[in-house]
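So the structure is just underneath, and the comments pick up after that.
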Amino acid sequence: MSFASSMVASVPVFGRMFKLEGEPELEPINAWPAAMIMASFMWFSVAVLLGISLPLTQMLGFDTSLFYTAVTAHGAAMAFPYVFQLMMGVGLHRAAGCLGKPITGIIPALAFWCMNIGGILFTIAILMGLKISYAVMYPLPIVGVQTGQWSMTAVVIGFTGIAGILLTVILLYPVQVIKMLFFDRAQDDLILSPRTLNDPGMLGMAMAAFVLLIMGAPLLIVASAVLLALYGILPMAWVAWATDPMVFQFVFYIFAHNLMEAMAIMIISALYATLPLYLADGTRKLYSDRMANLALWILLVTSVTSFFHHFFTMFPALPSALSYHGNIMSWGTGIGAAVTIFTIAMTIFKHGLRPSAGIMAALMGFTLYILDGVSAIVTSNVAWSFQLHGTMWQAGHTMAVLVAMSLMWMGVLIHHYPVITGRTLSADSGKWFVTLFTVGAVGVNYSFLAAGAAGMPRRFAAWDQEGWMIYGYFILIFGLFMAVGMLIFLLDISRARIIDTGPVAAPAE
Amino acid sequence: MLDFIYRTGWGAFAVMLLFQIPFLLVFLTLVFRKAYVNTGPSEISDARIGGLRRGWMALVIALFLIVNLVSIQFFPAIYTARAAASGVPAIDVAVDAQSWSYDMSRQEFEVGQPVRFNARSLDTMHGFAVYHPDGQVLFTMMLVPGVGVSSLIYTFTEPGTYKIRCLEYCGLAHHEMNDEITVTEAST
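Chains A and B, in that order, are what the protein sequence lines are.
FYI, numbering that gives the first Met the number 0 numbers position 389 of the first sequence as 388, with every residue one higher than the one before it.
FYI, numbering that gives the first Met the number 0 numbers position 145 of the second sequence as 144, with every residue one higher than the one before it.
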């Protein structure tokens with residue numbers, strides 16, 4: 000038994016959900032993914048409780064500092080330790096099963112530990128008083144020290160944690176994917192469903208890995224320089240180029256925006272791979288692989304430079320030409336999404352769908368992803384950006400894109416779960432999970448968007464102004480729907496039954 | 000009508016629903032009506048889907064073009080340039096934002112008077128959002144320290160007390176960073 004699988008088996012409660020009881024020979028492609036997926040759900044459980052606490056702190060009139068602590072910790076847990084780690088676990092398992100390459104060695108281990116120790120360090124810093132988000136809002140961390148809001152120790156610990164997370168996201172995960180795609184030797188006994196880069200289900204994996212590596216490299220360089228200065232290894236004067244607010248904001252958003260797009264490309268790619276397995280008699284294909292690949296390429300090309308929409312309201316510091324470019328490219332991603340919608344819809348229209356919990360979770364996640372995409376391109380229009388930037392509209396967009404991707408990945412996870420763990424899930428619980436989680440997620444999303452349309456600021460600890468608390472009530476109600484849906488999902492996987500009828504059915508991938 | 004659509008948050012919300020509702024209706028109907036096991040060959044021809052594909056892409060591109068082309072006149076860069084070229088002198092207002100207050104060179108204006116807000120941050124990132132008395136955001140500017148001045152010209156059309164809020168998280172008293180400006184009827 001490998002270290003990763005022993006570790007999973009030894010973790011209380013969550014370990015039972017993901018311990019490996021399937022075919023031992025598949026352990027090289029199952030062990031680290033199981034550990035990553037398990038850890039992601041531990042983070043998500045914390046994030047859900049913190050999310051529920053946000054409207055409660057406002058309704059009960061608690062100290063505003065508590066709200067800022069909860070909102071920072073909620074965002075910190077959701078974005079990377081939960082969604083990215085879930086994607087990393089399921090995505091690596093998918094890639095390994097398609098390529099017949101093991102997920103072993105130092106890189107997946109480092110990816111796991113850097114992500115989770117980084118997340119823990121950042122959480123400790125938040126509990127020590129550091130209240131910034133991943134967006135960092137530079138130079139707020141330093142201004143916060145100067146104005147006595149938090150200590151320099153908290154900043155150093157927090158930045159160390161963020162560095163660990165970024166190392167996984169920008170370097171370790173992409174390198175592992177590229178290594179598997181182009182270098183490692185395939186093992187026939189690990190191939191579950193062979194796929195090549197011509198397949199849309201595999202192309203997206205490669206695209207996302209390269210986007211993360213290339214678009215994240217400038218941030219890794221800048222963040223490393225700042226961190227070395229914070230440790231006192233380099234004089235602060237030597238890294239003045241990296242601490243310029245404009246430099247920091249641009250390298251951050253070039254990465255952060257493309258990270259979200261890369262994650263979207265990857266999950267759309269996973270949906271392209273999974274959907275055909277649930278069509279008609281299970282032997283059908285996508286309506287058009289060419290359309291599917293075209294959509295991925297459009298999303299890739301348009302998203303790379305659409306990040307300028309984060310800076311529209313800096314006019315005229317951001318030249319108008321770049322604003323228009325960001326506007327056009329952002330709406331260009333909508334063209335890619337329209338091609339994807341058509342491909343998915345026509346595939347179902349042509350062949351019919353076998354609606355099991357996994358594929359329905361993925362399709363409901365896709366529905367939310369498209370709804371969110373519309374809200375995103377609306378706020379990426381220069382005119383609307385000046386009414387919506389900095390409001391709850393954008394918090395809603397961030398929340399919805401993360402929840403949509405997580406629901407899609409949970410759908411793909413339900414499909415892969417029997418192969419990873421050797422256990423099977425309840426169809427009835429799956430239906431309840433998908434229904435409640437979808438209703439909750441869509442409801443929370445519209446509550447945020449309506450609050451933004453009404454002018455309610457994001458990350459703002461005074462919801463009792465201008466009648467904004469009504470949106471807080473809706474957020475709480477729909478948030479509880481999501482929490483109950485999630486609880487049903489976790490209960491279901493903790494009670495999963497061992498598949499006892501011979502070897503585990505060969506997964507389609 | 001266009002003013003409501005392009006210059007209010009609820010206008011943006013309405014346009015968003017215009018795109019979302021047809022998608023929701025068509026896509027979910029398709030998913031749930033097509034939820035059955037069909038072991039026979041598909042009876043839907045590629046030629047039929049080809050026609051749908053051309054129609055769908057034409058509709059999407061047309062809608063995207065219309066929405067964005069019409070929006071250009073509402074870009075702050077455009078209405079600022081128009082106001083500057085109108086010949087009516089704009090009142091210059093210097094705004095310094097610093098945790099957690101604003102220092103404005105002037106806070107009282109008249110209806111119909113173009114006002115050029117030149118805002119900057121002196122410490123960390125801040126926002127400068129002007130709210131109509133009915134609670135709508137009229138415009139917001141992101142202020143990044145060291146980048147220079149964010150600037151636009153706005154002409155108030157109604158008298159009242161307009162709230163100013165910071166929309167960029169700036170620390171523990173971010174929610175208390177606000178101010179007011181007063182707009183009065185135009186003197187003859």
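Heads up, the beta-carbon is just placed ideally off N, CA and C, and yes, glycines get one too.
Query                                                                                                                       : Result
Closer than 7 angstroms at the beta carbon, the chain B residues around A:Gly-50                                            : Going along chain B, no residue has its Cβ under 7 angstroms from A:Gly-50, so there is no contact; the nearest lies around 17 angstroms.
Residues sharing a beta bridge with B:Tyr-161, DSSP                                                                         : B:Ile-180
Cβ shell of A:Leu-489 (< 8 angstroms), same chain only, five flanking positions each side left out                          : Met-16, Phe-40, Ser-44
Sequence-distant residues of its chain with Cβ nearer than 6 angstroms to A:Ala-8 (five each side left out)                 : Gly-14, Lys-18
Cβ contact (3+ pairs, closer than 8 angstroms) linking the segment 46-53 of chain B and the segment 352-360 of chain A      : no
As assigned by DSSP and simplified to three states, the class of B:Asp-102                                                  : strand
A:Pro-456 in three-state terms, based on DSSP                                                                               : strand
Beta-carbon gap between A:Tyr-286 and A:Thr-346 smaller than 9 angstroms                                                    : yes
Touch test, the segment 87-94 of chain B against the segment 59-68 of chain B, Cβ-Cβ under 8 angstroms, three pairs minimum : no
Coil, strand or helix - A:Thr-103 by DSSP                                                                                   : coil
Among B:Asn-177, B:Met-140, B:Pro-144, the one whose alpha carbon lies nearest that of A:Ile-141                            : B:Pro-144
Members of the segment 370-387 of chain A near chain B, C-beta cut-off 8 angstroms                                          : Leu-370, Val-373, Ser-374, Val-377, Thr-378, Asn-380, Val-381, Ala-382, Trp-383, Phe-385, Gln-386, Leu-387
Residue closest to B:Gly-159, alpha-carbon to alpha-carbon, out of B:Pro-132, B:Glu-175, B:Ser-150                          : B:Pro-132
Beta-bridge partners of B:Gln-97, as assigned by DSSP                                                                       : B:Ser-100
Simplified DSSP state of A:Val-10, which is helix, strand or coil                                                           : coil
A:Leu-53, enclosing beta strand (DSSP E) - first and last residue                                                           : No beta strand (DSSP E) holds A:Leu-53; the alpha helix (DSSP H) holding it covers 26-58.
C-beta atoms of A:Pro-199 and A:Asp-288 nearer than 9 angstroms                                                             : yes
Secondary structure of A:Phe-17, DSSP reduced to three states                                                               : helix
Members of the segment 97-117 of chain B that neighbour chain A once the beta carbon cut-off is set at 8 angstroms          : Ser-98
Neighbour list for B:Val-236 in chain A, Cβ cutoff strictly below 8 angstroms                                               : Chain B is shown only over 0 to 187; residue 236 of chain B falls outside these bounds and no answer can be derived.
B:Phe-26 versus A:Leu-218 - alpha carbon distance                                                                           : 39 angstroms
DSSP bridge partner residues for B:Arg-81 (one or two, in chain order)                                                      : DSSP output for B:Arg-81 lists no bridge partner at all.
Any non-hydrogen atom of the ligand ATP closer than 8 angstroms to A:Met-363 Cβ                                             : As far as ligands go, the structure on display features none, and thus does not contain the ligand ATP.
Beta-carbon gap between B:Phe-73 and B:Leu-1 smaller than 9 angstroms                                                       : yes
Inter-residue Cα distance where the pair is A:Ala-255 and A:Ile-177                                                         : 21 angstroms
Opposing strand residues paired with A:Pro-315 [DSSP bridges]                                                               : Looking at the DSSP assignment, A:Pro-315 forms no beta bridge with any residue, so it has no partner.
9 angstroms Cβ cutoff met for B:Trp-55 and B:Gly-170                                                                        : no
Local Cβ density within 10 Å of B:Thr-79, reported as buried at 16 or more and exposed below that                           : buried
Chain B within 9 angstroms of A:Thr-167, Cβ atoms only                                                                      : no
Proximity below 9 angstroms, CB of A:Leu-258 to CB of A:Met-204                                                             : no
Supposed close pair A:Trp-431, B:Ala-11 - CB separation, criterion 8 angstroms                                              : 34 angstroms between Cβ atoms; not a contact.
Proximal residues, the segment 57-75 of chain A versus chain B, C-beta separation under 7 angstroms                         : Thr-63, Ser-64, Tyr-67
Any chain A beta carbon closer than 9 angstroms to B:Tyr-5                                                                  : yes
Environment of A:Ala-110 [buried if 16+ CB atoms lie within 10 Å]                                                           : buried
Beta-carbon neighbours of A:Pro-275, restricted to chain B and to distances below 7 angstroms                               : Those within 7 angstroms of A:Pro-275 in chain B number zero; the least Cβ separation is about 13 angstroms.
DSSP bridge partner residues for B:Ile-90 (one or two, in chain order)                                                      : B:Val-114
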